[in-house]
Every structure is written in C-alpha cells, then in structure tokens.
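Enquirer:
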Amino acid sequence: MDTYPSLKAAVDFINKLKNEFNWQISSRDTLMDIGCGKTFYCSQAIVNLFPDFKCLIAIDKNADLLQWRPRENKRFENLHKSNIIKLLVADVEDSTFFENYIDSVDKIVSRNVLYHVKNKIKALRNIYKTLKPGGAAAILFWLDNPIGTWTTEILSMRKWSSFVDDSKPRPPYFPSKYRETYYRAEMEALGCQDIHAVTKSIPCSYESDKECLGELLEIVDDLINIPPTQIKEFEEDCLDIFKGLVGCINGGPITFNIMECFLHIVK
Numbered sequence: 001m002d003t004y005p006s007l008k009a010a011v012d013f014i015n016k017l018k019n020e021f022n023w024q025i026s027s028r029d030t031l032m033d034i035g036c037g038k039t040f041y042c043s044q045a046i047v048n049l050f051p052d053f054k055c056l057i058a059i060d061k062n063a064d065l066l067q068w069r070p071r072e073n074k075r076f077e078n079l080h081k082s083n084i085i086k087l088l089v090a091d092v093e094d095s096t097f098f099e100n101y102i103d104s105v106d107k108i109v110s111r112n113v114l115y116h117v118k119n120k121i122k123a124l125r126n127i128y129k130t131l132k133p134g135g136a137a138a139i140l141f142w143l144d145n146p147i148g149t150w151t152t153e154i155l156s157m158r159k160w161s162s163f164v165d166d167s168k169p170r171p172p173y174f175p176s177k178y179r180e181t182y183y184r185a186e187m188e189a190l191g192c193q194d195i196h197a198v199t200k201s202i203p204c205s206y207e208s209d210k211e212c213l214g215e216l217l218e219i220v221d222d223l224i225n226i227p228p229t230q231i232k233e234f235e236e237d238c239l240d241i242f243k244g245l246v247g248c249i250n251g252g253p254i255t256f257n258i259m260e261c262f263l264h265i266v267k
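Start counting the sequence shown at 1; every next residue gets the next number (UniProt numbering).
#1: Thr39 by DSSP, collapsed to three states: which one?
#2: Excluding the five sequence neighbours on either side, which residues of its own chain have a C-beta within less than 7 angstroms of the C-beta of Thr152, listed in chain order?
#3: Where Asn48 and Thr199 are concerned, what is the direct C-alpha to C-alpha distance, given to the nearest angstrom?
#4: Give me the Cα-Cα distance between Ile139 and Thr229, rounded to the nearest whole angstrom.
#5: Starting from the C-beta of Gly247, find all residues in its chain whose C-beta is less than 6 angstroms away, skip the five residues before and the five after it, and write them out in chain order.
#6: Please state whether the Cβ-Cβ distance between Cys42 and Ile59 is less than 8 angstroms.
#7: By alpha-carbon positions, which one of Ile254, Pro169, Asp221 ends up nearest to Ser208?
#8: What does DSSP give as the partner residues of Ile34 in its beta bridges?
#9: Bridge partners for Thr151 per DSSP, in chain order?
#10: I need the straight-line Cα distance from Asp64 to Asp166, nearest angstrom please.
#11: Looking at C-alpha atoms only, which residue of Leu213, Ser104, Asp144, Ser26 is the closest neighbour of Lys54?
#12: Buried or exposed, going by whether 16 or more other CB atoms sit within 10 Å of the CB of Arg111?
#13: Whole angstroms are fine: how far does the CA of Ile265 sit from the CA of Leu17?
#14: Can the beta-carbon of Val113 be found less than 8 angstroms from the beta-carbon of Ile34?
#15: Do Lys120 and Ser176 count as a contact pair if the criterion is CB distance below 8 angstroms?
#16: Using the Cα positions of Ile195 and Thr96, report the straight-line distance between them to the nearest angstrom.
#17: Output the boundary residues of the alpha helix (DSSP H) element that contains Asp240.
#18: Using the C-alpha atoms, what's the distance from Lys38 back to Lys132?
#19: Since I believe Val89 is in contact with Thr61 (beta carbons under 8 angstroms), could you give me their beta-carbon distance rounded to a whole number of angstroms?
#20: Assuming Cys204 and Ile258 are in contact, meaning their beta carbons sit under 8 angstroms apart, how far apart are those beta carbons, in whole angstroms?
#21: Please state the DSSP three-state secondary structure of Ile249.
#22: Can you give me the C-alpha to C-alpha distance between Gly251 and Val117, rounded to a whole angstrom?
#23: Can you tell me whether DSSP reads Asp29 as helix, strand or coil?
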C-alpha cells in the first residue's frame, strides 16, 4: 500500500532532501533507513545519489523482509558485502534498540512507515534521540488513507476473516489521530533546531467500479483465499465497504483524498 511504490519515487524523495534541505553526505556520515522493507528503495536511492558515506543502517521489524537483496544494484550489493551497509531487525517503537544509537546517526529517512506504527510519538522520539546534534531526519507517512482503513475492515469482517491466511503477515494500519501541527509541537518540545512540517492532500479517483475493485482485490490477493462460490459476494462487499468509507454510496465517481504528512527535523 505504498502511494508511490517505485525506486524512482524514492530517488525523488532523496533528491528533495538533497536539493531543498541541503543534505550533504560525506565519508564520515552514518545514515539510517527506518522501515527499509523488502525493496530497500530509500537505501538504494541513497546509494545511487551519494558517492560516499561511512555506514548505512537499514532496519525493518520483519526479519523476512531483510532476506532479499537488490542484486541488480551492484554497488548496494558490494557495500553490503563490505559491511558498510548493515541490515538489522528492529522496531522503530523499541526504545531499547535505539539506546545503542543515541547521538550517533547523521541522517535518518523513514518513508511510508509511520502509518504502520501505533505509537508514532514514541517512534519520533526514538528517531530524534538517535540523531547526532545537528543531524537531520526526514519522515513521510499517511495521516489518513481510506485504502488502509478498508484493508483492515475487509480482513476483519466476521464473514471473511476465516478465509484469511494467517501464515502471512497483515500490513498494520494506524491512521493518525493528529495533524501535522501536533507533531510539530512535539518536535519543538524535544528541542529540535529546525522543523518543517507539511500536510498534503493527494486526490485519488477511479474511473469505474471495475478499476476500483481490481486495485482493492490486488491489495488482499495474497492475504485471503475466498472459495469460488463466494467470490461474487466478496467482491460486492469489497466495493460496498470502500464506497461507504469514501462517501460514494449513492453513485457517482469514486473519489477520495489521501492525507500525507512530511516532517523534516534538525536536532
């Protein structure tokens, strides 16, 4: 459920930090990619855009995701073999893990991760304490996305929950209770030198019920096994629940907004 699931989007994100926030990375710098996922998109983007750094720590709470390697990215592979890129299992909410990294990281990125995290303030505090004084972190996450809410609802429905494949992890989704002003205030209270906080509303739409249903089914395809005799009923429920969430129950185009928050902090 990545709004922009591509290496190019991650490169654009890192370029934004480089060009708009003057991120400069040298051979002395330690970097961290929190919630790197199985594609390592942000880590790969850093490798592609910056010629040198001391260490890049890519972490994810799911150990299985760290088994994959972007072998088509030879530089990434070589840096990992040289132990310059380190892959570690860790949860951004786990303060114990971050105790080992207090004041030790120059730059941190966390892209499309915090909506999977229940205690976002705890996560942000861990990020803050990990930064060196003068270090910077960039965090991008959904404040609200109806698709995330829909996924949780359809997989939790009593009628369909018995068909969910429990051997596969469900993507957790925790929409934010707060707007970016709250996160700005929290970062100010921690003592950040500089805070940039922006909320962006991303308009989304589907031209037809068929297009909408196709994308919804793709999201849960690997997570649920519906008997052939009940597929039509399941598809109807999928559309009805999603239309109810976005307010299209009386017909008309299926349109909605994703609320996205971008935080850039300097310790």
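C-beta: ideal position from N, C-alpha, C; glycine also. All figures in this text were calculated on a predicted structure; none of them were measured in a lab.
Expert: In terms of the structure at hand:
#1: The count along the sequence shown starts at 1 and reaches residue 39 at position 39. Residue state, collapsed to three classes: coil.
#2: Residue mapping note: residue 152 aligns to position 152 of the sequence shown, counting from 1. Here the set comprises Tyr173.
#3: Within the sequence shown, numbered from 1, the residue matching residue 48 stands at position 48. Within the sequence shown, numbered from 1, the residue matching residue 199 stands at position 199. Looking at the two C-alpha atoms, the distance is approximately 28 angstroms.
#4: As a working mapping, residue 139 is identified with position 139 in the sequence shown. As a working mapping, residue 229 is identified with position 229 in the sequence shown. Their Cα atoms are separated by approximately 44 angstroms.
#5: Along the sequence shown, one-based indexing puts residue 247 at 247. There are no such residues.
#6: By one-based count along the sequence shown, residue 42 stands at place 42. By one-based count along the sequence shown, residue 59 stands at place 59. For Cys42 and Ile59, no; Cβs fall outside 8 angstroms.
#7: Residue 208 sits at position 208 when you count from the first residue of the sequence shown. Minimum Cα distance to Ser208 is reached at Ile254.
#8: Taking the sequence shown and counting its residues from 1, one reaches residue 34 at position 34. Ile34 pairs with Ile59.
#9: Here residue 151 refers to the residue found at position 151 when the sequence shown is read from its first residue. Answer by DSSP bridge pairing: none, since Thr151 is not bridged.
#10: Sequence index remark: in the sequence shown, residue 64 carries index 64 (1-based). Sequence index remark: in the sequence shown, residue 166 carries index 166 (1-based). Using only the alpha carbons, I get a separation of about 15 angstroms.
#11: Within the sequence shown, residue 54 is the residue found at index 54, counting from 1. Looking at the Cα atoms, Ser26 is the closest of the given residues.
#12: Taking the sequence shown and counting its residues from 1, one reaches residue 111 at position 111. It is buried - the Cβ of Arg111 has at least 16 other Cβ atoms within 10 Å.
#13: To locate residue 17, count along the sequence shown from 1; it is residue 17. To locate residue 265, count along the sequence shown from 1; it is residue 265. Between Leu17 and Ile265, the C-alpha separation is close to 11 angstroms.
#14: Taking the first residue of the sequence shown as 1, we reach residue 113 at position 113. Taking the first residue of the sequence shown as 1, we reach residue 34 at position 34. Yes, these two residues count as a Cβ contact at 8 angstroms.
#15: Indexing the sequence shown from 1 puts residue 176 at position 176. Indexing the sequence shown from 1 puts residue 120 at position 120. Yes.
#16: As a working mapping, residue 195 is identified with position 195 in the sequence shown. As a working mapping, residue 96 is identified with position 96 in the sequence shown. Looking at the two C-alpha atoms, the distance is approximately 26 angstroms.
#17: In the sequence shown, the residue the question calls residue 240 occupies position 240. That run of the alpha helix (DSSP H) goes 231-246.
#18: As a position in the sequence shown, residue 132 is number 132, starting the count at 1. As a position in the sequence shown, residue 38 is number 38, starting the count at 1. About 27 angstroms.
#19: Working through the sequence shown from its first residue, we reach residue 61 at position 61. Working through the sequence shown from its first residue, we reach residue 89 at position 89. Sequence inspection shows Lys at residue 61; the Thr mentioned does not correspond to that position. Contact flag correct, Cβ pair sits at about 7 angstroms.
#20: Taking the sequence shown and counting its residues from 1, one reaches residue 204 at position 204. Taking the sequence shown and counting its residues from 1, one reaches residue 258 at position 258. The pair is a contact, with the Cβ atoms about 6 angstroms apart (cut-off 8 angstroms).
#21: In the sequence shown, counting from the first residue as 1, residue 249 sits at position 249. Three-state result, Ile249: coil.
#22: Here residue 251 is taken as the residue at index 251 of the sequence shown, counted from 1. Here residue 117 is taken as the residue at index 117 of the sequence shown, counted from 1. Rounded to whole angstroms, Gly251 and Val117 show a C-alpha spacing of 34 angstroms.
#23: In the sequence shown, the residue the question calls residue 29 occupies position 29. Coil, per DSSP.
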